[in-house]
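Peer 1: First the structure, which I've put down as structure tokens, then a few questions once you've had a look.
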Amino acid sequence: MVGTEKRIGLVTADLVQHFELRDAAMSGKALIVCMSRRICVDMYNAIIKLRPGWHSTDDKTGAVKIVMSGSASDEISWQPHIRTKQAREAIAKRFKDYNDDLKLVIVRDMWLTGFDCPSMHTMYVDKPMAGHNLMQAIARVNRVFRDKPGGLVVDYLGLADSLKAAMRTYTVSGGKGVAHVDQEQAVAVMLEKYQVVKDMLHGYDYMPILKSEPANRIKGIAMTMEFILGLEDGKKRFLYAVSALSKAFALSVPHEMAIEIRDEVGLFQEIRSGLVKATVSEFERSPEEIESAIKQLVSRAVSSTEVVDIFAAAGLKKPDISILSDEFLAEVRQLPQRNLALELLKKLITDDIRTRMQKNVVQARSFAEMLEESINKYQK
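Under my numbering, the letters of the sequence shown match residues -2 to 377, in that order.
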């Protein structure tokens, strides 16, 4: 019943649409788990019928592959998918490479235990599993990777009862924390965090930025940053709120509510990225932020390859902080984005002080105290 042509066609159509929406919002890899090798092959054929461009006879190219065991006595139609151990390892290497175009792999039993691909964020399950095997399988999509908040399991057979039983075993064995969350819960959290960010921007109309040309978009983002920096503890609250929204958004995609607010979330991410770039010292960033820039969950339709010069957006010529002349500071005082200009200069001077501290601790402490005193005077 599971392997009938009509059902495979329905599952495949849903799966392809789901994965394209999810990958557009959060690029990564996905695993498809089928009941039998025959169903694996039929699923592959149904997928490439819908998306011919994903197919390739060369193992070095192509967006979808099957990884399964077999022999020369198997059906002729299966033979292209039966590979040597070395060939399977080559495909695994491609799949683990975040930048490789291999996005989907279909399996029956392989890769369900002990396989580690951190960028894999989705597992499509069309096979009965239970207990330890089920926990092992879904753990494949929960590996930590950049800002991925967790893995998504798309269940086509109804594994809820088996999952609950497996979770009871996990808990009795000493496991702690919430190991799974329903997508509707994630959507509710996402909408709550979305409203928090919108409330912070109350009184400021950011919507025109979404449809602006790149140059005007950059100016609009700079003005939004200025507005946020003018709020009480605005920078800290905004960075935290957008980070929380992004995690809930990544778990919710491709729910229709997530798709509906995708472009706004992308804009919030751009603003957050600008604030981090302009105001957070390199010495203050966490290892995760240094390793991976803040992921911008923007629609591909509005993404820009243009390099953002945040100084130009704030109306500043990038200064040489060793010669902060009275003329330059007078110019800063006349800028419309005074809060943003202050944060930029503070970041520059802080980074310079930290650099000097490596050579002369006493001098650096003196500069740091002077900077803190100056900022307090300005704010008062």
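Virtual Cβ for every residue (Gly too), placed ideally from N, Cα, C. Note that this is a predicted model, so its numbers are computed, not measured.
(1) Ordered along the chain, which non-local residues of its own chain (more than five positions away) have a Cβ less than 7 angstroms from that of VAL64?
(2) Name the DSSP beta bridge partners of ASP123, please?
(3) Can you tell me whether ASP106 is helix, strand or coil according to DSSP?
(4) Among the residues of its own chain, which have a CB less than 7 angstroms from the CB of VAL194, if the five just before and after it don't count?
(5) Within a Cβ cutoff of 7 angstroms, which residues of the same chain sit near ASP97, ignoring the five residues on either side of it in sequence?
(6) Use the C-beta contact count for LEU337: other C-beta atoms within 10 angstroms, 16 or more gives buried, fewer gives exposed.
(7) I'd like the span of the beta strand (DSSP E) that includes LEU149, first residue to last.
(8) Which of the three DSSP states is assigned to ILE63 in this structure?
(9) Where ARG4 and GLY155 are concerned, what is the direct C-alpha to C-alpha distance, given to the nearest angstrom?
(10) What residue ranges within the segment 198 to 223 form continuous alpha helix (DSSP H) runs of no fewer than 4 residues, ordered along the chain?
(11) Using a Cβ-Cβ cut-off of 6 angstroms (strictly less than) and excluding sequence neighbours within five positions of ILE135, which residues of its own chain qualify?
(12) Which one of CYS31, GLU267 and GLU257 has the shortest CA to CA distance from PRO211?
(13) Starting from LYS3, follow the alpha helix (DSSP H) in both directions and report where the run begins and ends.
(14) Could you tell me if HIS129 is buried or exposed, where buried requires 16 or more neighbouring beta carbons within 10 angstroms of its beta carbon?
(15) Considering only DSSP beta bridges, list what ILE79 is partnered with.
(16) Using the three-state DSSP reduction, which class does LEU228 fall into: helix, strand or coil?
(17) Kindly indicate which residue of LEU28, MET(-2), VAL273 and ARG137 has the alpha-carbon position closest to the one of LYS233.
(18) Return the residue from the list VAL38, ALA10 and LYS93 that minimises the CA-CA distance to SER74.
(19) Please say whether VAL13 and ILE45 have beta carbons closer to each other than 8 angstroms?
(20) Tell me, which residues are paired with LYS26 by DSSP?
(21) Express the C-alpha separation of GLN331 and ARG140 in angstroms, rounding to a whole number.
(22) According to the Cβ coordinates, are MET32 and LYS124 closer than 8 angstroms?
(23) Taking all protein chains shown into account, do 16 or more other C-beta atoms lie within 10 angstroms of the C-beta of GLN83, making it buried, or fewer, making it exposed?
Peer 2: For this structure:
(1) Excluding positions up to five away in sequence, the list reads ARG85, ILE88, VAL102, VAL104, MET107 and TRP108.
(2) ASP123 is bridged to CYS31.
(3) ASP106 sits in coil when the DSSP states are folded into three classes, being neither helix nor strand.
(4) The answer, listed in chain order, is ALA238, VAL239, LEU242 and PHE265.
(5) ARG91
(6) buried
(7) Bounds of the beta strand (DSSP E) holding LEU149 are 149 to 152.
(8) strand
(9) 15 angstroms
(10) none
(11) VAL150
(12) GLU267
(13) 2 to 22
(14) exposed
(15) MET65
(16) Coil.
(17) VAL273
(18) VAL38
(19) no
(20) For LYS26, the pairing in a beta bridge is given by DSSP as MET117.
(21) 49 angstroms
(22) yes
(23) GLN83 comes out exposed.
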